[in-house]
Amino acid sequence: GAVVSQHPSWVICKSGTSVKIECRSLDFQATTMFWYRQFPKQSLMLMATSNEGSKATYEQGVEKDKFLINHASLTLSTLTVTSAHPEDSSFYICSARDTIRESYTFGSGTRLTVV
Amino acid sequence: DAKTTQPTSMDCAEGRAANLPCNHSTISGNEYVYWYRQIHSQGPQYIIHGLKNNETNEMASLIITEDRKSSTLILPHATLRDTAVYYCIVRGYTGANSKLTFGKGITLSVRP
Chain A
46 GAVVSQHPSW VICKSGTSVK IECRSLDFQA TTMFWYRQFP KQSLMLMATS
96 NEGSKATYEQ GVEKDKFLIN HASLTLSTLT VTSAHPEDSS FYICSARDTI
146 RESYTFGSGT RLTVV
Chain B
-6 DAKTTQPTSM DCAEGRAANL PCNHSTISGN EYVYWYRQIH SQGPQYIIHG
44 LKNNETNEMA SLIITEDRKS STLILPHATL RDTAVYYCIV RGYTGANSKL
94 TFGKGITLSV RP
């Protein structure tokens, strides 16, 4: 089946620094990928939709200058959390859409802790 | 906003069938019903999806009512490893409607 690889699985960074998270579709091409954030005991909240070769579409309330998304190829999307602060600490999850199988496959998530 | 409503939690005995209900009374004709589950601190795992007809795969069965306003996910023989949060999601086919919007889900606890 479809596989999505997300790295790193966890990261600890200092306040003010930037962190990049990678999401790769391993056995299919994904023109569309999605980035979610999940706080403890809450559901997944969609942050943005990433389209290959074009700008990402951000959900209301998500700062596009803080959460930079790049989808330069059909198999890779990256999320960069810029100038991270402790309130950005969360579980970040990516998803890739396989339009042939009409499926959405999720990565294993990245636990970000900002200290 | 999520277009589905699910009970907050339920439990079932190991080895028995788990029937997880979902209401989606405002579903449109071209919208799919997807089910995912999430085990603690992992990414969601795809279970099954359907449009109008009932569907079955190696993991579960999806029963959609004729008016499509509700559905039931059936895990035929629940095991302890099926303990997770299960999300019922309605998804459109194209454009902005093609994204998956998660509600609160239902927490299934399988007891020995």
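If you read the sequences in order, they're chains A and B.
Just add 45 to wherever you are in the first sequence, counting from 1, and you've got our numbering.
For the second sequence, position 81 matches number 74 in our numbering, and the numbering has no gaps at all.
Cβ atoms here follow ideal geometry from the backbone N, Cα and C, with glycine treated the same way.
Quick caveat, the model's predicted, so the values are computed rather than measured.
Inspect the beta-carbon positions of residue i and residue j and report whether they are closer than 8 Å.
i         : j         : result
A/Thr120  : A/Ser54   : no
B/Thr94   : B/Ile82   : yes
A/Thr94   : B/Lys(-4) : no
B/Gln(-1) : B/Gly98   : yes
B/Lys62   : B/His17   : yes
A/Thr125  : A/Val64   : yes
A/Val159  : A/Pro131  : yes
B/Ile20   : B/Gly43   : no
B/Gln38   : B/Val78   : no
B/Tyr29   : B/Arg84   : no
A/Lys111  : A/Thr123  : no
B/Ile67   : B/Ser54   : yes
State buried or exposed for residue i, treating a residue as buried only when at least 16 other CB atoms are found within 10 Å of its CB.
i        : result
A/Ile114 : buried
A/Gly152 : buried
B/Leu73  : exposed
A/Gly154 : buried
A/Thr62  : exposed
Mind checking who residue i pairs with in its DSSP beta bridge?
i       : result
B/Glu48 : B/Leu55
Tell me, please, whether the stretch 7 to 15 of chain B touches the stretch 145 to 159 of chain A by the rule of three or more beta-carbon pairs shorter than 8 Å.
no
Measuring CB atoms only, is the stretch 129 to 142 of chain A touching the stretch 65 to 82 of chain A, in the sense that at least three cross pairs come out at less than 8 Å?
yes
In chain order, what are the residue ranges of uninterrupted beta strand (DSSP E) at least 3 long that sit wholly in the stretch 55 to 112 of chain A?
55 to 58, 64 to 70, 77 to 83, 90 to 96
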